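Following: one structure in structure tokens, then a few remarks.
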Amino acid sequence: MIVTISRQAASRGEQVAQQVAHRLNVALVDPETVQRAAARIDLAKENLGDAQRADRLGDRLAQLVVMLADEPVDDTAWILAPVPSIEDPGYRRVIERMLQSLGETDNIVIAGFPAQIVLAKAPRAVHVLVVAPFTTRVQRMVLREDLPFRTAERVLRDADRERRDFYQRHYTVNWDDPTQYDCVVNAARLGVDHAAGVIISAVKSRAP
Numbered sequence: 002m003i004v005t006i007s008r009q010a011a012s013r014g015e016q017v018a019q020q021v022a023h024r025l026n027v028a029l030v031d032p033e034t035v036q037r038a039a040a041r042i043d044l045a046k047e048n049l050g051d052a053q054r055a056d057r058l059g060d061r062l063a064q065l066v067v068m069l070a071d072e073p074v075d076d077t078a079w080i081l082a083p084v085p086s087i088e089d090p091g092y093r094r095v096i097e098r099m100l101q102s103l104g105e106t107d108n109i110v111i112a113g114f115p116a117q118i119v120l121a122k123a124p125r126a127v128h129v130l131v132v133a134p135f136t137t138r139v140q141r142m143v144l145r146e147d148l149p150f151r152t153a154e155r156v157l158r159d160a161d162r163e164r165r166d167f168y169q170r171h172y173t174v175n176w177d178d179p180t181q182y183d184c185v186v187n188a189a190r191l192g193v194d195h196a197a198g199v200i201i202s203a204v205k206s207r208a209p
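Take the position in the sequence shown, starting the count at 1, then add 1; the result is the number in the working numbering.
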């Protein structure tokens with residue numbers, strides 16, 4: 002069973018992913034876990050232009066993120082560690098190879114990254130999109146980041162545009178097209194717990 006969770010910025014998709022992984026009792030791989038793993042192997046210093054090396058690093062990263070998902074975050078030094086940009090072709094190859102390797106594991110929840118694209122044909126995968134109304138997301142950004150309302154609006158519009166552009170540029174898809182997903186949940190209407198419950202029901206309906 003593989004669950005990929007894509008989410009709009011400030012939609013509470015991160016919390017939904019955490020709930021789903023917790024209730025299914027499986028590892029959660031998210032951007033924080035990947036950054037911790039990248040810092041652990043000092044990925045920024047690797048030659049990612051070498052395709053074979055990038056593939057090996059992707060396989061290694063996949064093993065490491067699963068291990069780190071179960072470890073408490075005691076050392077915060079990873080926050081300051083440099084990480085290549087996802088726009089870098091070599092790093093994107095590492096991430097895509099990591100996702101392919103994770104797709105071969107038994108049970109996992111993957112939040113973020115182009116997992117719904119890379120694992121689109123994985124027979125055991127359930128692909129989820131978590132959304133919320135724009136005004137709700139702005140209000141959350143205002144409260145969470147202590148930003149003026151107009152600034153929060155601009156930040157979210159920029160984030161939405163950058164995500165759309167990234168997927169169009171590299172995968173020629175509309176990332177928020179609902180037909181790419183098995184389940185689209187509005188976390189603002191359902192709340193985190195109920196949204197996670199809907200996703201779990203979808204997962205169980207796909208179980209053999």
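Virtual Cβ for every residue (Gly too), placed ideally from N, Cα, C. Keep in mind it's a predicted model, so treat the numbers as computed, not measured.
Nonlocal neighbours in the same chain, by C-beta distance under 7 angstroms from residue i, ignoring five residues either side
| i | result |
| --- | --- |
| Val185 | Leu130, Val132 and Pro179 |
| Gln16 | Val193 |
| Pro83 | Ala45 |
| Arg164 | Trp176 |
| Trp79 | Gln36, Arg37 and Ala40 |
Where residue i falls, given that 16 or more other Cβ within 10 Å makes a residue buried
| i | result |
| --- | --- |
| Ala45 | exposed |
| Ile118 | buried |
| Val66 | buried |
| Thr173 | exposed |
| Val30 | buried |
| Val35 | buried |
| Ala188 | buried |
| Ala52 | exposed |
Where the beta strand (DSSP E) through residue i begins and ends
| i | result |
| --- | --- |
| Ile118 | Counting along the chain, Ile118 falls outside any beta strand (DSSP E), though it belongs to the alpha helix (DSSP H) covering Ala116 to Val119. |
| Ile200 | Where Ile200 is concerned, there is no enclosing beta strand (DSSP E), although the alpha helix (DSSP H) it sits in stretches over Ala188 to Arg207. |
| Ala213 | Past the edges of the chain, shown from 2 to 209, lies residue 213, and the structure says nothing about it. |
| Ala11 | Per DSSP, Ala11 belongs to no beta strand (DSSP E) and is neither H nor E. |
Same chain only: Cβ atoms within 8 angstroms of residue i, ignoring 5 sequence neighbours per side
| i | result |
| --- | --- |
| Arg93 | Ile87 and His171 |
| Arg54 | Glu47 and Asn48 |
| Ala121 | His128 and Gln181 |
| Phe150 | Val139 and Val143 |
CA-to-CA distance, residue j to residue i, given in whole angstroms
| i | j | result |
| --- | --- | --- |
| Leu62 | Thr5 | 17 angstroms |
| Asp177 | Arg162 | 11 angstroms |
| Ser206 | Leu81 | 41 angstroms |
| Leu191 | Pro85 | 36 angstroms |
| Gln169 | Ser102 | 24 angstroms |
| Asp75 | Arg37 | 11 angstroms |
| Met68 | Thr152 | 38 angstroms |
| Leu100 | Ala116 | 6 angstroms |
| Arg98 | Gly104 | 10 angstroms |
Limits of the alpha helix (DSSP H) - the one that residue i falls within
| i | result |
| --- | --- |
| Arg8 | Careful: Arg8 lies outside any alpha helix (DSSP H), inside the beta strand (DSSP E) at Ile3 to Arg8. |
| Val110 | Per DSSP, Val110 belongs to no alpha helix (DSSP H); it is in the beta strand (DSSP E), Ile109 to Ala112. |
| Ala52 | Ala52 to Ala70 |
Beta carbon proximity, residue i to chain D, threshold 8 angstroms
| i | result |
| --- | --- |
| Ala82 | Although the question refers to chain D, the structure presented lacks it and comprises just one protein chain. |
Own chain, CB closer than 6 angstroms to residue i, minus 5 neighbours either side, in chain order
| i | result |
| --- | --- |
| Ala10 | Leu157 and Ala160 |
Handout entry: Cβ contact check for the segment 97-113 and the segment 18-25: 3 or more pairs under 8 angstroms
Key = yes
Practice task
Determine contact between the segment 138-145 and the segment 33-45, defined as no fewer than three beta-carbon pairs at a distance below 8 angstroms.
Solution key: At 8 angstroms Cβ cutoff, the stretches do not touch.
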